Amino acid sequence: MSVATGVRTAQFGVIGLSVMGANMALNIEDHGRAVAVWNLETDWTERLVHENQGRQLIATRSLQEFCRSLERPRRILLMIKAGDPVDQTLLKLAPYLSPGDIIIDGGNSYFKDTMRREALSRQTMVHFLGMGVSGGDEGARYGPSLMPGGPREAYQHLAPILQSIAAKSDSGPCVTFVGPDGAGHFVKMVHNGIEYADMQLIAEAYEILTRALQASAEELADIFGEWNRGPLESYLVEITSHIFRAIDPDTGVPLIQVVLDKAGQKGTGKWTAQVALDVGVPVPTITAAIDARATSSMKDERVVASQLICSTCEGAYSGDRRALIQAVHDALYASKICSYAQGMNLIRAGSHEWQWDINLREMARIWKGGCIIRARFLDSIMRAYEKYAELPNLLLDYDFMNLIQKSEKSWRQVIMMAVSSGIPVPALSASLSYFDSYRSAQLPQNLTQAQRDYFGAHTYQRIDRPSAGAIHTDWARLSSQSSRLTGAKK
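Residues 232 to 721 in my numbering are what the sequence shown lists, from first letter to last.
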């Protein structure tokens, strides 16, 4: 028998009651809708209802009971682990669903899995949406950024609910229809890739300030707090300041000093880099962030290497302290612009590849609140796409060009100082290399293509005769002939 708070019929259902799922259920209930809840472990379901007595929550013990408790069309949110658990749950739900019902996968599912599931659901006339949810447990409870993709008619039916529970910014609710089938989960995947890059860039700024200036945790908290009141204002910079202020109650030292330097990852960053390779979009800052986490996991090896490998480059910074802090600020800002540019380009490429028609201005808008990468300069990104919806790259926007130019000198100085001091800055360096590559009319890949033609007859094109098409040269024979002619002239 259901344990309920005076309600027998629900307008919404949530499956999966871990922290995110439970908070989403409470968020939906906050906005005037009775919510049916189910979890594989029944005691989780009972506990959620017991701890929230007086709320319109219906605890159910089986999926059949869960589906019977929902109004038609059923609206069901899955907040469960990505992968096989989603497929198994959909299989078990299928006998109890009816045409027109709507299933929303709110986990971090791979977008191609979402495309497959949406196509299968269409066969039974059940609507399936893949919805990225960003903001962590607090966002889920009080207002996340939501990125739904799937049938437009299903989104329109859900829009009033999603708009009510989403975070709000001065640009409106942080939710929009992203596009068909896997578009929502694709955008969430790229969001997480940008998040990886953003976190790594901040970590490198921290590393420079710590190793070059021996900045204390208290000073770091002040620096990041000050940065959060300027153009770098963002959720991640804000919480970084808070982290440096936390004191470990066991040791009395700043807690950050006793945190092991091994960063985990759940796979969305890796997916971002893999898909970028598939569609031919460079995302070097995101890739550097993934590599940095992988390197951090090699803790034991790094400890041994630190004792065996010496460098003559390490030394304390002797220049102006405030000048370096400002330069690191500028380098971080310019690098963040590059990482967002890479992410937005990947979203555009994915939209073209799978014909999703994603509105990049809207993606920047819904990231302004609730999500992990929310930042002040998303307003500037919105304006860039308002001026030119098909902008090829954020670096070509006039305002961003000016921002980069103002930061460029400091950006280069910081990286040179870090390299000369033996401080690893893979993401800052990757961003600068991306900037330099993108603004270069001539790159050395003419040599790369010549090498490919030499050993594999892959052909090349001539600058002076583009209409000639693909050309193959016997480079060894031509080189030999040219050497003989040169020798004869001598």
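We put the beta carbon where it would ideally sit given N, CA and C, even for glycine. Treat the numbers as computed from the prediction; the structure is a model and nothing was measured.
_chain D within 8 Å of Y691, Cβ atoms only_ = The structure shown contains no chain D, having only a single protein chain.
*In chain order, which continuous runs of the beta strand (DSSP E) of length 3 or greater are located wholly inside the region 299-355?*
306-309 and 333-336
*Roughly how many angstroms separate the alpha carbons of D453 and P316, rounded to a whole number?*
Here the question's residue 453 lines up with position 222 in the sequence shown. Here the question's residue 316 lines up with position 85 in the sequence shown. Between D453 and P316, the C-alpha separation is close to 44 Å.
_Neighbourhood of G366 by C-beta distance below 8 Å, restricted to the same chain and skipping five residues each side_ = Here residue 366 corresponds to residue number 135 of the sequence shown, with the count starting at 1. These residues qualify, in order along the chain: G374, P375, S376, A398, G601, C602 and I603.
*Report yes or no: do three or more beta-carbon pairs, one from the region 496-513 and one from the region 630-647, lie closer than 8 Å?*
no
_Between the CA atoms of D610 and S662 - distance to the nearest angstrom_ = For the purposes of this step, residue 662 is identified with residue 431 of the sequence shown, where counting begins at 1. For the purposes of this step, residue 610 is identified with residue 379 of the sequence shown, where counting begins at 1. Cα-Cα distance, rounded: 21 Å.
*Residue environment, L722, which counts as buried when at least 16 other CB atoms sit within 10 Å*: Only positions 232 to 721 of the chain appear in the structure, and residue 722 is not among them; the question remains open.
*Of the residues Y327, N283 and E277, which one's Cα is nearest the Cα of S300?*
Translated into positions along the sequence shown, residue 300 becomes position 69. A check of alpha carbon separations from S300 across Y327, N283 and E277 identifies Y327 as the nearest.
*asked:* Suppose the cutoff is 6 Å on Cβ atoms and the five residues either side in sequence are ignored; what does the same chain contact list for I335 look like?
replied: Position 104 of the sequence shown, counted from the start, is the residue given in the question as residue 335. Contacts found: L308, L360 and M362.
*Between the region 577-584 and the region 375-392, do at least 3 Cβ pairs fall closer than 8 Å?*
Contact between the region 577-584 and the region 375-392 is absent: fewer than 3 CB-CB pairs across the two stretches fall below 8 Å.
*What residue range is occupied by the uninterrupted beta strand (DSSP E) comprising A290?*
Counted from its first residue, the sequence shown places residue 290 at position 59. A290 -> beta strand (DSSP E) spans L288 to A290.
*Reduced DSSP category for V406 - H, G, I as helix; E, B as strand; rest coil*: Here residue 406 corresponds to residue number 175 of the sequence shown, with the count starting at 1. Under the three-state reduction of DSSP, V406 is assigned to strand.
*Using the beta-carbon count (16 or more within 10 Å), is Q712 buried or exposed?*
As a first step, residue 712 is located in the sequence shown; it is residue number 481 there, counting from the start. By the neighbour-count rule (16 or more Cβ atoms within 10 Å), Q712 is not buried but exposed.
*Just confirm the distance between the C-beta atoms of I425 and Y571, as a whole number of angstroms; I'd bet it's less than 8 Å.*
Here residue 425 refers to the residue found at position 194 of the sequence shown. Here residue 571 refers to the residue found at position 340 of the sequence shown. Rounded, the Cβ-Cβ distance is 6 Å, consistent with contact.
*Helix, strand or coil: how does DSSP classify G493 here?*
In the sequence shown, residue 493 corresponds to position 262, counting from 1. First, the amino acid is wrong: residue 493 is Lys here, not Gly. Three-state result, K493: coil.
*For my contact list, A565 and W642 are in at a C-beta cut-off of 8 Å; report their separation, rounded to the angstrom.*
Position 334 of the sequence shown, counted from the start, is the residue given in the question as residue 565. Position 411 of the sequence shown, counted from the start, is the residue given in the question as residue 642. Between W642 and A565 the Cβ distance is about 5 Å, and since that is below 8 Å, they are a contact.
*Y685 bridges to which residues according to DSSP?*
As a first step, residue 685 is located in the sequence shown; it is residue number 454 there, counting from the start. Beta-bridge pairing links Y685 to no other residue.
*Give the straight-line distance between the Cα atoms of E272 and H689, rounded to the nearest whole angstrom.*
As a position in the sequence shown, residue 272 is number 41, starting the count at 1. As a position in the sequence shown, residue 689 is number 458, starting the count at 1. C-alpha separation (whole angstroms): 58 Å.
*Once you ignore the five residues that flank S651 on each side, which residues in its own chain have a CB closer than 7 Å to its CB?*
Working through the sequence shown from its first residue, we reach residue 651 at position 420. Cβ neighbours of S651 beyond the five flanking positions: C544.
*asked:* Please report the straight-line C-alpha distance between H281 and Q287, rounded to a whole angstrom.
replied: As a working mapping, residue 281 is identified with position 50 in the sequence shown. As a working mapping, residue 287 is identified with position 56 in the sequence shown. The alpha-carbon atoms of H281 and Q287 are separated by roughly 12 Å.
*What three-state label does DSSP hand W269 in the structure shown?*
Position 38 of the sequence shown, counted from the start, is the residue given in the question as residue 269. Strand at W269.
*asked:* Just to confirm, is the Cβ distance from A606 to Q431 under 8 Å?
replied: To locate residue 606, count along the sequence shown from 1; it is residue 375. To locate residue 431, count along the sequence shown from 1; it is residue 200. Result no, Cβ atoms of A606 and Q431 do not sit closer than 8 Å.
*asked:* Rounded to whole angstroms, what is the Cα-Cα separation between R213 and Y616?
replied: One cannot answer for residue 213 here, as it falls past the ends of the chain, which runs 232 to 721.
*Mind checking G653: buried by the 16 CB within 10 Å criterion, or exposed?*
Looking up residue 653 in the sequence shown gives position 422. Counting Cβ neighbours within 10 Å, G653 comes out exposed, since fewer than 16 surround it.
*Label A569 either buried or exposed according to how many other C-beta atoms from any shown protein chain fall within 10 Å of its C-beta, with 16 as the threshold for buried.*
As a first step, residue 569 must be located in the sequence shown, where it is residue number 338. The question names Ala, but residue 569 in the sequence shown is Cys. The residue is buried, with at least 16 neighbouring Cβ atoms inside 10 Å.
*Under 7 Å Cβ to Cβ from Y691, same chain only, skipping five residues before and after it: list those, please.*
Within the sequence shown, residue 691 is the residue found at index 460, counting from 1. Close CB contacts of Y691 within its chain, under the 7 Å cut and outside five residues either way in sequence, are with Q680, A681, D684 and I702 (chain order).
*asked:* Please report the distance separating the alpha-carbon of W598 from that of Q394.
replied: As a first step, residue 598 must be located in the sequence shown, where it is residue number 367. As a first step, residue 394 must be located in the sequence shown, where it is residue number 163. Straight-line Cα distance between these residues: approximately 14 Å.
*Go ahead and pull the three-state DSSP assignment for G601.*
Numbered from its first residue, the sequence shown carries residue 601 at position 370. Three-state result, G601: coil.
*Going by Cα to Cα distance, which pick from F666, S664, A313 and R693 is closest to L678?*
By 1-based counting over the sequence shown, the position of residue 678 is 447. Residue R693 is the option with its Cα nearest to L678.
*asked:* Check this for me: beta carbons of Y665 and I517, under 8 Å apart or not?
replied: Numbered from 1 along the sequence shown, position 434 holds the residue referred to as residue 665. Numbered from 1 along the sequence shown, position 286 holds the residue referred to as residue 517. No; because the gap between Cβ atoms is not below 8 Å, this pair is not in contact.
*Opposing strand residues paired with V245 [DSSP bridges]*: The count along the sequence shown starts at 1 and reaches residue 245 at position 14. DSSP, once it has assigned bridges, lists V268 and L308 as partnering V245.
_With a threshold of 6 Å on Cβ separation, who are the neighbours of T345 within its own chain once the five nearest residues in sequence on each side are excluded?_
Position 114 of the sequence shown, counted from the start, is the residue given in the question as residue 345. Taken in chain order, the residues that qualify are G361, G413 and H416.
*What number of angstroms, rounded off, separates the C-alpha of A448 from the C-alpha of D492?*
Taking the sequence shown and counting its residues from 1, the one referred to as residue 448 is at position 217. Taking the sequence shown and counting its residues from 1, the one referred to as residue 492 is at position 261. Taking the straight line joining both Cα atoms gives about 16 Å.
*asked:* Spatial neighbours of S638 within its chain, please: C-beta separation below 6 Å, excluding the five flanking residues on both sides.
replied: Here residue 638 corresponds to residue number 407 of the sequence shown, with the count starting at 1. Only D561, Y564 and A565 meet the Cβ criterion.
*What are the uninterrupted segments assigned as alpha helix (DSSP H) that are 4 or more residues long and contained completely in the region 356-385, given in chain order?*
When DSSP assignments are scanned along the region 356-385, the uninterrupted stretches of alpha helix (DSSP H) that are 4 or more residues long and fall wholly within it turn out to be 367-373.
*Return the chain-ordered ranges of every alpha helix (DSSP H) run that is complete within the region 484-562 and spans a minimum of 4 residues.*
499-510, 515-527 and 530-539
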